[in-house]
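Q:
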Amino acid sequence: MCGRYTVTTQQDLIAEMDLVRADDASCAGALAVAPGLPAGLTSWWAPRWNVAPTQPAPVVRTRAGRATLGLLRWGLVPHWADDLAIGVRHINARAETAAGKPAFRDSLRRRRCLVAADGFYEWRRDGKRRVPHWFGPGGGGPVTFAAIWDRWRRRDAPAGAPWVESFAILTTAAAPLVAPLHDRMPVVVAAADRARWLAADDLPAEAVADLLAPGAAVVAGWIDREVEPWVNDARRERGDRAG
DNA sequence: CCAGACGTTGTT
DNA sequence: GTCTGG
DNA sequence: CCAGACGTTGTT
DNA sequence: GTCTGG
């Protein structure tokens with residue numbers, strides 16, 4: 066699965082993908098609903114060491130023909146949902162079955178996006194303790210997870226109210242490096258495949274099926290590093306409790 | 001037709 | 001045990 | 001994902 | 001909104 070991750074190298078991703086940064090108004094929907102950004106962040110595109118479900122996070126989409134970094138809430142809320150809370154059950158979507166699920170199908174065809182990240186966490190159980198491990202490229206640097214998005218607004222919302230845009234991370238079978246801790250992991254999209262994933266077309270599932278297949282090659286050179294247990298607390302952004 | 005669900009994960 | 005919040 | 005709560009009534 | 005179950 067993927068239930069927690071880091072994104073600290075977004076400036077490198079902005080350079081690598083030549084991203085436009087969305088204006089603050091387009092981030093208003095994700096920020097208008099609790100919990101908003103973790104305390105202590107000076108901007109929505111600042112580095113994050115502990116992105117947790119329901120938080121807003123930076124995501125790349127094609128907007129007006131340009132790859133654009135914007136802020137979306139983690140946990141996909143389908144446009145037909147009665148309540149924002151539906152999103153907590155949609156933090157991940159299984160790549161093998163998403164094309165057939167009412168909550169994900171249309172988003173997979175028409176609203177694909179990439180989560181800006183540099184690695185993800187998995188937990189090892191040691192008796193009652195849950196010990197976090199970080200998985201990412203040994204040399205550091207940005208990576209992107211395949212994701213889908215939708216927008217939602219309460220039915221009785223006033224006409225001018227902002228839409229809440231939200232996303233789900235696609236998961237696939239775990240690579241051998243991750244398998245000892247868990248049988249699922251996020252779909253990692255290689256730099257060369259990003260443009261195809263982001264294409265604004267209404268794609269049949271087959272058109273991107275190869276990108277969603279388990280791809281051990283994409284995580285070649287990745288490492289498994291045990292990290293400090295402050296990560297367990299989703300309210301913490303750093304070990305020093307600074308934010 | 002209407003009513004009700006719509007999802008993944010881990011754990012047992 | 002199960003749900004909610006982050 | 002993990003951590004933490006898990007409730008109702010009446011009154012302000 | 002759209003699909004499934006009754």
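Take our numbering: the final residue in the first sequence is number 308, and no numbers are missing along the way. Ideal Cβ placement from N, Cα and C applies to all residues, glycine included.
1. Give the DSSP-derived three-state secondary structure of alanine 181 in the structure shown.
2. So, for glycine 308: in the same chain, excluding its five sequence neighbours on each side, which residues have a beta-carbon less than 7 Å away from its beta-carbon?
3. What are the boundary residues of the beta strand (DSSP E) that aspartate 215 is part of?
4. Check this for me: beta carbons of asparagine 157 and isoleucine 234, under 8 Å apart or not?
5. Which whole-angstrom value is the C-beta distance of glutamine 120 and proline 100, which I expect to be below 8 Å?
6. Would the beta-carbon of valine 229 fall within 8 Å of that of leucine 136?
7. If we call anything under 8 Å between Cβ atoms a contact, is aspartate 183 one with proline 207?
8. If we require 3 or more residues per run, which beta strand (DSSP E) segments fall completely within the segment 74-118?
9. Mapping DSSP to helix, strand and coil, what is glutamate 187?
10. Please tell me whether glycine 313 and valine 142 are closer than 8 Å, where the distance is taken between their beta carbons.
A: Checking against the coordinates, here is how it stands:
1. Three-state result, alanine 181: strand.
2. Low confidence applies to glycine 308: its pLDDT is 42, below 50, so where it sits in the model is not reliable enough to give any reading.
3. It spans 208-217 - the beta strand (DSSP E) in which aspartate 215 sits, taken as one unbroken run.
4. Yes, Cβ-Cβ distance for asparagine 157 and isoleucine 234 is below 8 Å.
5. The distance from the Cβ of glutamine 120 to that of proline 100 is about 6 Å, consistent with a contact at the 8 Å cut-off.
6. No, Cβ-Cβ distance for valine 229 and leucine 136 is not below 8 Å.
7. Note that the C-beta distance between aspartate 183 and proline 207 is below 8 Å.
8. Counting only runs of 3 or more, we get 113-116.
9. Here glutamate 187 sits in strand by DSSP.
10. Past the boundaries of the shown model lies residue 313; the chain is included only from 66 to 308, so the question cannot be answered.
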